[in-house]
Amino acid sequence: MWSLPMCGVVMTCPTASSSSCMPCAALPVATPAQRLQVSLVHTLKWTLALLVCVWAVCRLRRARQQPRRRLKGFPVPEDYRAAGVIFYTVDELQNVGQMLLAVEDRKVSLRELGVGSGSGQKRVLLFPQGKREQEDAGFVATARREFIEETGDPTSLSGYLEGNALSTWFPAAKMGVVFCEVPASAAEPFSQRAPAPQPRPRRQQPRQQEKQSQQKKPWPLQPVWVDVSSLRSALKSSTGQVATTIGLFHLFPVTRKFFLLDEVSDWLGISRSRRK
């Protein structure tokens, strides 16, 4: 086979060993204009890819420079009646990412949940909370004690609670609510975490012995980590349910009202026009 360029085309013919000479076939050759067009297309593609990368990096930097959504807390009065705690983690933008809630069987208004009329027992989501007791030194102590008594604290989260933790006041329930940030590693599923070590036995008062005997029963609350994006979606609908790793649940009505407080919903990133 041999070839001979002729007038901008390449002519190919069989070699002399062929028994017959076939007509020469012309293979097209790109013109300078076509080569320039192909080069421009490749350049535009690379330029577009580069611009997309630059845009993504600039957007991430700008987002990181934006102020973190902070909770506008309110002081808890000394005559509070109850206290609760919300453990949470933050994402790469330093905004709330996951939140620890708990599932409990409660008698609730079915109408408030949008599932019927009257009242009935339902498994609902709430944050660990409870009434103040005489031995509590303050609302943080109440929140810590109730969390341990209600959940058993299987991953020792109560160790993160400090006296100067961020908090706010929930006047409708006369409740002080503590917000406690924990590392992202603390938000692993509870089934994959080792239980909290048991303290050494020591002499206890009768009231403590009574509590210990009560805690031999199943824990009242089943803690579960919830993505805040799912919580936002549920709060934007009056009958919305929160998706968790153990199922879909309605929010306990009082808990919903708390999350819809202006300062709390702002912290969660819910615009006021979307609140139900």
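With mature numbering (1 follows the signal peptide of the UniProt record, and there is no 0) as the guide, the letters of the sequence shown map in order to residues -18 to -1, 1 to 258. No residue lacks a Cβ here, since even glycine has one placed at the ideal position from N, Cα and C.
- Its Cα nearest to that of Leu250, the residue Thr71 stands out among Thr71, Leu230 and Gly158.
- At the C-beta level, Pro202 and Glu115 stay beyond 9 Å of one another.
- Phe231 is bridged by DSSP to Val224.
- Residue range Leu148 to Phe152 is occupied by the beta strand (DSSP E) that includes Ser149, with no alpha helix (DSSP H) assigned at that position.
- When secondary structure is reduced to three states using DSSP, Phe56 falls in the coil class, being assigned neither helix nor strand.
- For the options Leu32, Ala216, Arg17 and Asp61, the alpha carbon positioned closest to that of Lys156 is the one of Asp61.
- Setting aside the 5 residues that flank it on each side, Val58 is surrounded in the same chain by Phe121, Ser149, Trp151 and Gly158, each with a C-beta closer than 7 Å to its C-beta; the list follows chain order.
- Contact between Leu213 and Leu242 is absent: CB atoms are separated by about 11 Å, not below the 8 Å threshold.
- Three or more Cβ pairs closer than 8 Å define a contact, and the segment 76 to 96 meets that threshold against the segment 229 to 245.
- DSSP links Ala65 through a beta bridge to Gly112 and Gly158.
- If you compare the alpha carbons of Ile68, Glu144 and Ser101 with that of Gly112, the shortest gap goes to Ile68.
- A straight line joining the alpha-carbon of Val39 with that of Leu33 spans about 10 Å.
- Straight across, the Cα-Cα distance linking Ser247 with Arg238 is about 10 Å.
- DSSP places Ala123 in the uninterrupted alpha helix (DSSP H) bounded by Phe121 to Thr133.
- With fewer than 16 other CB atoms across the displayed protein chains lying within 10 angstroms of its CB, Pro153 is exposed.
- Going by DSSP, Leu83 is part of the beta strand (DSSP E) stretching over Val78 to Ser91.
- Residue pairing by DSSP places Pro205 opposite Ala84 in a beta bridge.
- In this structure, DSSP gives Ser219 a state outside helix and strand, which the three-state scheme calls coil.
- One Cα belongs to Phe161, the other to Ala147, and the distance between them is close to 7 Å.
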